[in-house]
Amino acid sequence: MSGKSARQGRMTGYDRRMYAIMNRREAAPLYATAGRRRAVVVAHMVLTALGIACWLYSVFGDQRWATFGILGVLLPWCVATGVINGATRGLLELRARALDERQRAEKDRVVTRAHQVMMWLLLGVTVAVGCAGLGGFEVEGLIFPVLFSVFVVHWLMPLWMAGLTAADEPADDVDEEPVGDFAG
């Protein structure tokens, strides 16, 4: 029994539906190149930052208009999330039984790299808040916003890392012979 058919035998109906959704190719032009994938990941980061800022401002600034900012950011954020998931073929969204050995190894590599990046980010935030506190700045008011922001970044870092490190799709016609002046 081949790896794919063995994998298909263990998958539930939910797994098959999610696998089909994550492997749809309609949005492929949006992530066909590394530059496009990076642009989508950066756009997702910016939309995430805007969403965090609007939410924090609506909570602490008591500005109801900021809630509408969240709603305005939500749809493009969801589209960007879908594009990243399509670029990675659902690497982080699919259950392990829906992934082959290569994909499970890639998922582990991406999660490990994301945790390493988060470690350095947390160190940087800790040093910055510590320096601000030593410099006489009132840091008590920053505790919740900083912790919430770091939590969201920690949650999304594997997705961003997967989008940034996703490989290009292999060309369909790799085995064709060169034609014309390029023939050996």
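When we follow the numbering used here, the leftmost residue of the sequence shown carries the number 17, and every step to the right adds one. Just so it is clear, CB atoms sit at the ideal spot from N, CA and C, and this is done for glycine as well. Predicted model only: the values in this text are computed from it and were never measured.
Work out the CA separation of residue j and residue i for me, nearest whole Å.
i              : j             : result
proline 161    : arginine 26   : 43 Å
aspartate 197  : leucine 108   : Per-residue confidence for aspartate 197 stands at a pLDDT of 49, beneath the threshold of 50, marking its modelled position as unreliable; no derived number is given.
glutamate 42   : threonine 97  : 15 Å
cysteine 70    : valine 166    : 16 Å
arginine 111   : valine 127    : 14 Å
tryptophan 176 : methionine 38 : 16 Å
isoleucine 86  : tryptophan 93 : 10 Å
alanine 103    : aspartate 31  : 18 Å
alanine 55     : valine 95     : 13 Å
So, with DSSP's three-state summary, where would you put residue i?
i             : result
glutamine 132 : helix
threonine 142 : helix
alanine 48    : coil
asparagine 39 : coil
glutamine 119 : helix
glycine 196   : Model confidence at glycine 196 stands at a pLDDT of 47, short of 50, so the residue's coordinates are unreliable; what they give is reported in the following sentence. DSSP places glycine 196 in helix when its eight states are reduced to three.
Any idea if residue i is buried or exposed, counting beta-carbon neighbours within 10 angstroms, 16 or more meaning buried?
i             : result
leucine 91    : exposed
tyrosine 35   : buried
alanine 148   : exposed
glycine 106   : buried
methionine 17 : A caution first: methionine 17 carries a pLDDT of 46, below 50, which makes its placement in the model too unreliable to give a value.
valine 143    : exposed
Determine, using beta carbons only, whether residue i and residue j come nearer to each other than 7 Å.
i             : j           : result
isoleucine 68 : glycine 179 : no
threonine 83  : serine 74   : yes
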